[in-house]
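**Q** My questions will all concern the structure given below.
Number of protein chains: 2
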Amino acid sequence: MPRDADRAPTEADYLAAYDAEAFERPSVAVDVALISASEGALRVLLVERSEHPQRGRWALPGGFVAPNESLDEAAERVLAVKARLTGVFLEQLYTFGDPTRDPRTRVISVAYYALVDAATWDRAARDTEKLRVARLVVPWEGETGGPVEARDPDDRPLALAFDHEQILGMAVRRLRGKLDYAPIGFQLLPPQFTLRRLQDVHETILGRPLNKDSFRRRMLASGNLEATGEREECVGHRPAERYRIARRSAV
Amino acid sequence: MPRDADRAPTEADYLAAYDAEAFERPSVAVDVALISASEGALRVLLVERSEHPQRGRWALPGGFVAPNESLDEAAERVLAVKARLTGVFLEQLYTFGDPTRDPRTRVISVAYYALVDAATWDRAARDTEKLRVARLVVPWEGETGGPVEARDPDDRPLALAFDHEQILGMAVRRLRGKLDYAPIGFQLLPPQFTLRRLQDVHETILGRPLNKDSFRRRMLASGNLEATGEREECVGHRPAERYRIARRSAV
DNA sequence: TGAATAGTGTCTATAAGACAATATCCC
DNA sequence: GGGATATTGTCTTATAGACACTATTCA
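Sequence lines, in order, name chains A and B.
When the letters of the first sequence are read in order and numbered with this note's numbering, they come out as residues 1415 to 1665.
When the letters of the second sequence are read in order and numbered with this note's numbering, they come out as residues 1415 to 1665.
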C-alpha cells in the first residue's frame, strides 16, 4: 500500500471539489437482489429487459429513487411492485457508480439484497415471460468475490444486464461473510424449520458441507433459536423437532 | 420479521416505478471519514463549514461526484484536495439517502472511510481554523452501533453537521467488524511497526484490552506479517522486532 | 544493577470435528 | 422388524486466555 502524501492539488481540483453543485446530476436507482435457496442452490429473481439498452438481457428488479423517499423505501417499493412482496428482510449492499455502467446516462445504483423463503417465493414470483427465478452458480470459493452466473431451469446461462453480475457477486460474498455472525440463515426459511433445513441453507450459501454436530451446537448455543415442541410428520424416519427464531434474538 | 406477501401494488406504484426517469435528480456526494489512531483513541479529520446550512458545524470532508468520475475516484479526489493525501487505504462504507438529511436539496451521500498512520496524518492535516483532527468517543460496546461523538483537543464536543455522526458511527462499527478477519490494522501504522504498536491499534479500534499472548500468536499465524530483522532503538527496555506487511498477504 | 518491556513455554478452558450409540417415526 | 434420520454422549484436536519465566536494552 503506497502512501504518497503531499501531491499538490491543482486549481482544477479545487474547482471540481467546490463547484460540484453546478455539475449535471446523475440519476440514482436502487437494484434489489431478491434471493432464496432451494434444492441446494441460491436463487434470484430476474426481469427481462423489454427496452433498450440491453434489451433481452436479464436484470435485477430496480427503479429510480423518488424525490421524497429514502433509499430503503425505494428498495421496499421495488420489491412491492415487481415481486409483490412486503416485510421481507432487506439490507443495503453496495453502491455502484462507474460512469459507464449504463450507456444511456450516468446512473448510480444503490444495490440491496433481500431474503425470502422458497414458499413465499413461489407465491410471489412464478416463472413468466418477463420474470424468472434463476439459479446462481458461484465460480469461486469462500469470500474470494467476483461475478456469479445466473442459469435458467434448463441450466442455460442467462445474459445479465449492466453490471448486475457484479452486484450478485457482491451479494453472495456479503451473505457468506455475514452468515457466521448475523442471524440471516432463518430469513431463507419458513417461520418454522428443522435444524437440518437450516444447515442445508447454510451449506447452500457457503457452497461447502458443514459438520452436523458442530452446526447443531453452535445454533442452539447462539440463543437465536427456540424449540416449538412440534415435530415433523410423515417423513419416513424419526421426525425432527421444529424451531423458530427466538423472540429475544441472541443475548 | 413479518412476511406479508401479496399486497396489490396500486397504479400509482407502477407509475412511480416506471416513470422515475422523469423525476428530479438528486445530487450525489461522497463524504470521507479519514481515520487514524493515536494515544489510545481514534481520530478523524473534520472541516468547519463556512457556509449555510449548518454553518459553524463540523463536517467530514466531502464533495459532489463529477459527471465522468467513479465514486472511488470522487473519494480519492476529496482526499487529495482536502487532506493532500493520495494512495491511502480507502473503502466504500454505506450510502445515506434520507430525503431530509440536507436541508438545501436532496443530497445522497456515498460515505467512504480511509485509514492513515498518525505520522502521515501530522504532515497532511495540521490543526487549523478550518481543519481539525478530532478525537472519537464511542458510547457503545462491541458492534452495537449508533452515533459517536467527536471531541476537540480540550475534550469539548464538536457539533457535527448533517448526519455525519451516524456516518462516523457506521465507520467505527465497520472497522470493529472487519478487524478480526481483514488486514486493516496495519493501515493505521507506519510501514514498519512492532507487535505492541499493532496491538495498541487493535485495542483502540475495539475499545477493549486484548490478551497479549493470544494476539501475538494470531498475528504471526495469520501470515500477514513479515519480520524485518530490525529492532527498535533507544527505548529504555528490550527493543522489539519490527514487522511489515507480508508481500503475499495471507495464504 | 535495576527498570521496563520483549519474547517463550506451559497449563487450562473452550469450541470444533469425528465417531459411536441410542431414539423415534413410517413403511 | 427394517430403513432412515434425529438426538445424545464421548473422545480428540485446535485455539484462546492465563500465568510464569527468561531475554535484552538503556539509565
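Quick reminder that beta carbons are idealized off the backbone N, C-alpha and C, glycines included.
From a predicted model like this one, the values you see are computed outputs, not experimental measurements.
Mind pulling the chain B residues with CB within less than 8 Å of residue 1520/A?
**A** Taking the first residue of the first sequence as 1, we reach residue 1520/A at position 106. Result: 1481.
**Q** Can you list the residues of chain B that residue 1439/A reaches, using a CB-CB cut of under 8 Å?
**A** Against the first sequence, residue 1439/A aligns to sequence position 25. Result: 1439, 1440, 1441, 1442.
**Q** Assign residue 1600/B to one of three DSSP states: helix, strand, or coil.
**A** Along the second sequence, read from residue 1 onward, the residue named residue 1600/B stands at position 186. Of the three classes helix, strand and coil, the one that applies to residue 1600/B here is helix, per DSSP.
**Q** Based on the DSSP output, what are the partners of residue 1571/B in its beta bridges?
**A** For the purposes of this step, residue 1571/B is taken as the residue at position 157 of the second sequence. Paired residue(s): 1565/B.
**Q** What number of angstroms, rounded off, separates the C-alpha of residue 1658/A from the C-alpha of residue 1558/A?
**A** Walking along the first sequence from the start, residue 1658/A turns up at place 244. Walking along the first sequence from the start, residue 1558/A turns up at place 144. Straight-line Cα distance between these residues: approximately 32 Å.
**Q** So, is the C-beta of residue 1608/B closer than 8 Å to a C-beta in chain A?
**A** Taking the first residue of the second sequence as position 1, residue 1608/B is located at position 194. Not an interface residue.
**Q** Please state whether DSSP places residue 1547/A in a helix, a strand or coil.
**A** Along the first sequence, one-based indexing puts residue 1547/A at 133. Three-state result, residue 1547/A: strand.
**Q** Residues of the region 1558 to 1571 of chain B with a CB closer than 8 Å to any CB of chain A: list them in chain order, please.
**A** none
**Q** From the beta carbon of residue 1524/B, is the nearest beta carbon of chain A less than 8 Å away?
**A** Taking the second sequence and counting its residues from 1, the one referred to as residue 1524/B is at position 110. For residue 1524/B, the answer is yes, since a Cβ of chain A falls inside 8 Å of its Cβ.
**Q** Pull out every residue of the region 1454 to 1470 of chain A whose Cβ sits closer than 7 Å to any Cβ of chain B, in chain order.
**A** none
**Q** Using the beta-carbon of each residue, which ones in chain B are nearer than 8 Å to residue 1509/A?
**A** By 1-based counting over the first sequence, the position of residue 1509/A is 95. Going along chain B in sequence order, the residues near residue 1509/A (Cβ under 8 Å) are 1485, 1506, 1509, 1524.
**Q** Can you list, in chain order, the residues of its chain with a C-beta nearer than 6 Å to that of residue 1496/A? Leave out the 5 residues immediately preceding and following it.
**A** For the purposes of this step, residue 1496/A is taken as residue 82 along the first sequence, with counting starting at 1. So the qualifying residues of the chain are 1475.
**Q** Taking three-plus beta-carbon pairs below 8 Å as touching, is the region 1569 to 1583 of chain A in contact with the region 1591 to 1601 of chain A?
**A** Fewer than three beta-carbon pairs drawn from the region 1569 to 1583 of chain A and the region 1591 to 1601 of chain A are found closer than 8 Å, and the two stretches are therefore not classed as touching.
**Q** Can you find a CB in chain A that lies within less than 8 Å of the CB of residue 1517/B?
**A** Counting from one through the second sequence, the residue named residue 1517/B turns up at place 103. No, no contact with chain A.
**Q** Output the distance between the C-alpha atoms of residue 1601/B and residue 1534/A, rounded to the nearest integer angstrom.
**A** If you number the second sequence from 1, residue 1601/B lands on position 187. If you number the first sequence from 1, residue 1534/A lands on position 120. Spanning the two alpha carbons is a distance of roughly 45 Å.
**Q** Please name the residues in the region 1572 to 1592 of chain B whose beta-carbon is closer than 7 Å to at least one beta-carbon of chain A, in chain order.
**A** none
**Q** Less than 8 Å between CB atoms is the rule here; does residue 1445/A satisfy it with respect to chain B?
**A** Residue mapping note: residue 1445/A aligns to position 31 of the first sequence, counting from 1. With 8 Å as the cut-off, residue 1445/A does not count as an interface residue toward chain B.
**Q** With DSSP collapsed to three states, give me the class of residue 1618/A.
**A** As a first step, residue 1618/A must be located in the first sequence, where it is residue number 204. Of the three classes helix, strand and coil, the one that applies to residue 1618/A here is helix, per DSSP.
**Q** Determine the DSSP secondary structure at residue 1464/B, reduced to helix, strand or coil.
**A** Here residue 1464/B is taken as the residue at index 50 of the second sequence, counted from 1. Coil, per DSSP.
**Q** Count the C-beta pairs between the region 1579 to 1588 of chain B and the region 1505 to 1517 of chain B that are closer than 8 Å, then say yes if the count reaches three, no if not.
**A** yes
**Q** Is it a yes or a no for the region 1476 to 1496 of chain B touching the region 1458 to 1474 of chain A, going by three-plus beta-carbon pairs under 8 Å?
**A** Taking 8 Å as the limit for Cβ pairs, the verdict is that the region 1458 to 1474 of chain A does not touch the region 1476 to 1496 of chain B.
**Q** Whose Cβ in chain A lies nearer than 8 Å to the Cβ of residue 1553/B?
**A** Residue numbering aside, residue 1553/B sits at position 139 when the second sequence is read from its first letter. Within 8 Å Cβ-Cβ: nothing; residue 1553/B doesn't reach chain A, min ~21 Å.
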